[in-house]
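Only one structure is covered here, and it is reproduced in the block below.
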Amino acid sequence: MNSNRFLLWWDRVIAMTVKELKQLFRDPVLLAIIVYFFTADVYLAGEGIKLNLHNASVMVIDHDHSAASRELIYRFRPPYFDLKGEISGKKEAENLLNKGKVLAVLDIPEHFQRNLLRGKQVAVQLQVDTSDTVLGTLATSYAAQITADFGQDFAMQELGPVTGQTDNLPVIEDRHRVLYNPNQIDGWFMSISELLTVITILSMLLPAAAAVREKERGTIEQLAVSPLTPLQILLPKVIAMSLVILLGTAVCLFLIIIPAFHLPVKGSIPLFFAVTALYVFATSGIGLFIATASRTLGQVTMLVVLLMMPILLLSGVWTPPEAMPQGLRWAMTFSPLYYLTEMSYAILLKGADMYILKDLLLGLTLLGIAFFSFGVWRFRRQFG
Amino acid sequence: MNLSRVWAVAYKEWREVLRDRLFFTMAFVLPLCIFLVLGWGISFDVEKIPFAVLDQDRTAMSRDFLHRFIDSRYFNYKGDVRSEREFDALLAHSDIRFAIVIPPKFQERLLAGQSTSVQSLIDGVFPYRGQVTRSYVSGIIANFNRQSLAGYLTGARGLSQEQALSRVAPVLLEPRYLYNQALRSQWSMASGLMMLVLMVTPPFLTALGVVREKENGSIYNIYASTISRSEFILGKFLPYLLISCLNILVLWWVVMNVFGTPFKGDPLFYYAASVIYVICTAGVGLLVSLLVQTQVAAITLTMVISFVPAMLYSGLLVPIESMEPGTRFEAHLFPTLYYLRISWGSFLKGLGWAELWFEVAALMLYAVILWVVGYLNFHKRPRR
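Those sequence lines, one after another, are chains X and C.
By full-length UniProt numbering, the letter at position 355 of the first sequence is numbered 355, and the numbering carries on one by one without gaps.
By full-length UniProt numbering, the letter at position 87 of the second sequence is numbered 87, and the numbering carries on one by one without gaps.
Listed below in structure tokens is the structure:
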């Protein structure tokens with residue numbers, strides 16, 4: 001008897017889930033949005049956003065015109081720098097920098113070579129346009145590296161005959177290994193971050209849209225008189241939309257991110273999908289709350305856009321937690337996207353397992369239960 | 001063109017905006033929200049990098065070396081580990097972003113005038129942060145080496161400390177950071193975000209204003225009335241222009257007072273250029289409103305066609321210099337690139353009409369084209 005009732009309960013949920021799926025597949029606008037987000041949007045973000053120094057234009061004021069100055073100048077080469085030629089004076093340099101025609105101007109003083117040979121320390125000036133701090137920082141650090149290498153080579157040449165090889169000098173060799181993304185491909189980071197943003201938007205938008213559409217068309221009254229409980233109305237919407245989002249995630253991961261950016265998946269893909277499913281469930285609670293707060297689809301979309309902002313800010317995608325002010329860092333505990341971001345990078349790029357991520361998993365689960373119960377409670381109150 | 005009709009439409013529109021509370025809030029709150037979220041959320045300052053240490057030497061010299069990291073404001077010391085294997089979990093869980101290993105016999109070898117090596121592991125998930133971390137590490141090591149070598153040379157060759165130092169590092173690079181001396185990424189971000197927010201919100205408002213009438217069906221009143229299409233378009237647009245002009249001032253205030261960015265240019269010039277830019281981007285909204293029938297579609301389409309050029313083709317996140325020639329050409333087809341130059345030019349570089357007239361002319365041309373195309377395609381007798 002009891003099991004019969006249980007089966008009936010689930011039968012109804014399944015029937016409603018099928019109904020939600022059918023309804024979604026008959027809505028060309030929403031479908032187009034979903035397809036665009038999971039394919040083109042992620043691809044554009046991964047392909048488009050590059051925070052690398054690549055052929056930055058440099059010009060030179062060479063007051064010395066010696067072999068040494070030429071040697072230094074020729075070290076500013078692609079892929080980082082693109083030497084655009086020589087200019088005569090500061091005035092021209094200022095003008096070009098103002099207009100953004102060059103990123104940096106290298107200024108080599110008079111008697112550069114003579115002073116070098118005499119063993120005097122020489123300063124070379126680099127004027128950098130830092131209105132774009134990313135470019136400015138990278139250009140300065142590469143230029144510093146280039147001049148330091150030049151200086152070291154020069155010094156070694158001078159000291160060489162006496163002291164011999166570097167082996168016999170008290171220096172530390174800098175052996176660094178960049179882990180997880182050794183070639184520094186921006187596409188790996190950007191495409192995953194965009195995918196997570198897309199998942200967040202859709203897992204709020206889709207359940208909310210499905211619920212509000214019933215309100216808009218008045219079909220909610222039909223549901224109210226049917227033998228369905230509020231949970232049986234809500235759960236199918238969440239289940240159906242979660243299925244669609246997980247399918248979209250799979251398409252995005254296997255057909256866009258992995259083939260286009262050659263992402264090597266280090267960890268377990270099932271674990272990634274399990275975490276995503278948990279996350280979608282958590283955020284759909286926010287979606288249900290949005291549905292109770294609005295009357296039309298237009299309002300739903302606006303609220304989603306509005307709520308996306310704090311969630312994104314506190315996710316740690318662009319600014320890692322350690323770089324945040326203390327208050328915001330504390331607030332991050334309440335942003336579900338923070339947990340998903342940490343875990344996704346950890347699983348996909350760092351190869352972390354469940355054991356390492358246990359506290360994050362627990363946090364997301366608790367947050368999910370809280371959000372979902374809140375959404376259901378609001379809906380019940382309005383509905384009943 | 002009958003001005004009293006234009007005025008009537010504008011007044012009606014203004015009342016509508018005032019009475020739709022959600023829309024009204026969105027008109028002022030959304031731009032501010034996007035602004036604050038991205039302004040605080042995207043920080044490219046790499047500081048307080050959490051790191052851990054494996055010191056296999058444990059001597060005075062190794063501690064001295066490590067203190068160069070521990071005392072730096074760029075690094076945040078998280079503790080010692082006992083074996084290299086412990087790093088894996090710490091790095092995978094993002095507890096640390098960087099790890100350093102000091103080999104045994106570190107002090108012994110250096111004192112004997114032999115080279116040694118230090119291994120560092122850097123989290124490269126976000127390539128830009130990884131690169132900057134690497135350059136900090138190299139900088140600290142290079143600095144240590146210079147002192148160590150100089151000390152060695154004073155002993156071995158009887159040079160004075162100063163002579164030895166200039167022998168070891170014959171060339172110094174003196175960077176001069178123009179326009180943003182402290183390299184604060186928030187200055188560039190905040191002034192650059194004016195471009196992004198003013199690209200997204202004016203079309204958003206304009207498109208919704210027209211599409212709302214389409215969705216409600218009230219546009220048929222317009223079709224049937226004596227008002228001409230130019231009067232209607234102008235009347236529709238005026239209230240949104242007013243809102244956007246106020247928003248420019250609000251955002252400007254935020255850039256200067258919340259983010260502390262200096263304004264070095266000509267305020268009148270910047271305001272005029274911003275209004276032209278807003279007219280231009282609102283034209284994008286007009287075009288969107290011609291294409292779609294529902295508010296949801298209008299919001300989504302506006303988001304897509306305004307966010308993509310603002311994020312990818314403006315030079316804010318992806319420097320124009322780093323683009324491939326094809327993409328660079330595309331970037332010049334969007335208004336965002338020109339306005340970003342105006343924004344950075346006005347805030348950080350202190351430029352005005354003399355240097356930026358071309359960018360303003362480009363925006364004007366853009367605005368004229370968009371509005372003429374919009375006007376020609378708006379018909380009072382819809383063809384279906």
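The beta carbon of each residue, even a glycine, is placed where N, CA and C say it ideally should be.
- Message: Let's see if you can read the secondary structure: which residues bound the beta strand (DSSP E) around Thr-206 of chain C?
- Response: Taken as a continuous stretch (DSSP letters only), Thr-206 of chain C belongs to no beta strand (DSSP E), being part of the alpha helix (DSSP H) at 185-216.
- For His-332 of chain C, name the three-state secondary structure that DSSP assigns. coil
- Measuring only between beta-carbons, confirm whether Leu-172 of chain C sits less than 8 Å from chain X. Judged by the 8 Å Cβ criterion, Leu-172 of chain C is in contact with chain X.
- Query: When you compare only the Cα positions, how much space is there between Ala-260 of chain X and Val-124 of chain X?
  - Reply: 42 Å
- Query: Shorter than 8 Å from the beta carbon of Asn-180 of chain C to some beta carbon of chain X?
  - Reply: yes
- With DSSP as the reference, label Thr-163 of chain X as helix, strand or coil. Any answer about Thr-163 of chain X is weak, because its pLDDT of 49 lies below 50 and its placement is not dependable; what the coordinates show is given next. Reduced to three states, the DSSP call for Thr-163 of chain X is helix.
- What is the residue span of the beta strand (DSSP E) that Arg-173 of chain X lies within? Per the sequence shown, the amino acid found at residue 173 of chain X is Glu instead of Arg. For Glu-173 of chain X, the enclosing beta strand (DSSP E) stretches over residues 172-179.
- chain C contact for Lys-350 of chain X (CB, 8 Å cutoff): yes
- Out of C:Phe-263, C:Val-125, C:Arg-85, C:Glu-330, point me to the one whose CA is closest to Ser-188 of chain C's CA. C:Phe-263
- Interface residues of chain X around Gly-130 of chain C at Cβ under 9 Å? Val-178, Leu-179, Tyr-180, Asn-181, Gln-184
- Query: Quick one: is Arg-175 of chain X near chain C, going by C-beta distance under 8 Å?
  - Reply: yes
- Quick one: using the 10 Å Cβ neighbour count with 16 as the cut-off for buried, is Leu-179 of chain X buried or exposed? buried
- Message: Please state whether the Cβ-Cβ distance between Ser-191 of chain C and Ser-72 of chain C is less than 8 Å.
- Response: no
- Item | Contact check, Ala-207 of chain C vs Ser-120 of chain C, beta carbons under 8 Å | no
- Message: I want to check one thing, is the minimum distance from the CB of Glu-321 of chain C to the heavy atoms of the ligand PLP below 7 Å?
- Response: No copy of the ligand PLP occurs in the structure displayed, which carries no ligand at all.
- Message: What does the Cβ neighbour count give for Glu-215 of chain C, buried or exposed, with the cut at 16 atoms within 10 Å?
- Response: It counts as buried.
- Query: Taking just the CA atoms, how far does Ala-211 of chain X sit from Val-220 of chain X?
  - Reply: Contrary to the premise, residue 220 of chain X reads as Ile rather than Val in this sequence. In a straight line, the C-alpha of Ile-220 of chain X is about 8 Å away from that of Ala-211 of chain X.
- Pull up the DSSP beta-bridge partners for Glu-86 of chain X, would you. X:Val-60
- Item | CA nearest to the CA of Pro-50 of chain C, picked from C:Phe-23, C:Val-284, C:Ala-60, C:Ile-100 | If we check each option's Cα against that of Pro-50 of chain C, C:Ile-100 comes out closest.
- Task: Please name the residues in the region 23-37 of chain C whose beta-carbon is closer than 7 Å to at least one beta-carbon of chain X, in chain order.
- Result: Listed in chain order, the positions of the region 23-37 of chain C with a beta carbon within less than 7 Å of a beta carbon of chain X are Met-26, Leu-30, Cys-33, Ile-34, Val-37.
- Item | Proximity of Ile-279 of chain C and Leu-251 of chain C at Cβ, strictly below 8 Å | no
- Message: In the DSSP output, which residue or residues are listed as bridge partners for Leu-121 of chain C?
- Response: X:Arg-177, C:Ala-99
- Message: Using a Cβ-Cβ cutoff of 8 Å, what residues of the region 97-127 of chain X are near chain C? List them in chain order.
- Response: Leu-97, Asn-98, Lys-99, Gly-100, Leu-103, Leu-116, Gly-119, Lys-120, Gln-121, Val-122, Ala-123, Val-124, Gln-125, Leu-126, Gln-127
- Query: Straight-line CA distance for Ser-373 of chain X to Gly-285 of chain X?
  - Reply: 7 Å
- Should the region 91-104 of chain X be called in touch with the region 139-154 of chain C, which here means at least 3 C-beta pairs below 8 Å? no
- Message: Quick check: the Cα distance between Phe-75 of chain C and Leu-54 of chain C, rounded to an integer number of angstroms?
- Response: 16 Å
- Message: Short of 6 Å in beta carbon distance, which residues of its chain neighbour Leu-376 of chain C, apart from the five on each side in sequence? Order them along the chain.
- Response: So no residue of the chain qualifies.
- Item | Short CB-CB distance (under 8 Å) between Val-134 of chain X and chain C | yes
- State the DSSP-derived secondary structure class of Lys-19 of chain X, mapped to helix, strand or coil. Note: Lys-19 of chain X maps to helix in three-state DSSP.
- Pairwise C-alpha distance: Val-296 of chain C and Ala-282 of chain C: 18 Å
- Helix or strand or just coil, what does DSSP make of Phe-378 of chain C? coil
- Cβ separation of Leu-288 of chain X and Val-376 of chain X, assumed to be a contact under 8 Å, to the nearest whole Å: Confirmed, about 7 Å.
- Item | Delimiting residues of the beta strand (DSSP E) encompassing Lys-99 of chain X | First-last for Lys-99 of chain X: undefined, no H or E at that position.
- Task: From the DSSP output, in three-state form, read off Asn-76 of chain C for me.
- Result: strand
- Task: Express the C-alpha separation of Ser-193 of chain X and Tyr-74 of chain X in angstroms, rounding to a whole number.
- Result: 38 Å
- Query: Given that a residue counts as buried once 16 or more other Cβ atoms are within 10 Å of its Cβ, and exposed if not, what is Pro-28 of chain X?
  - Reply: exposed
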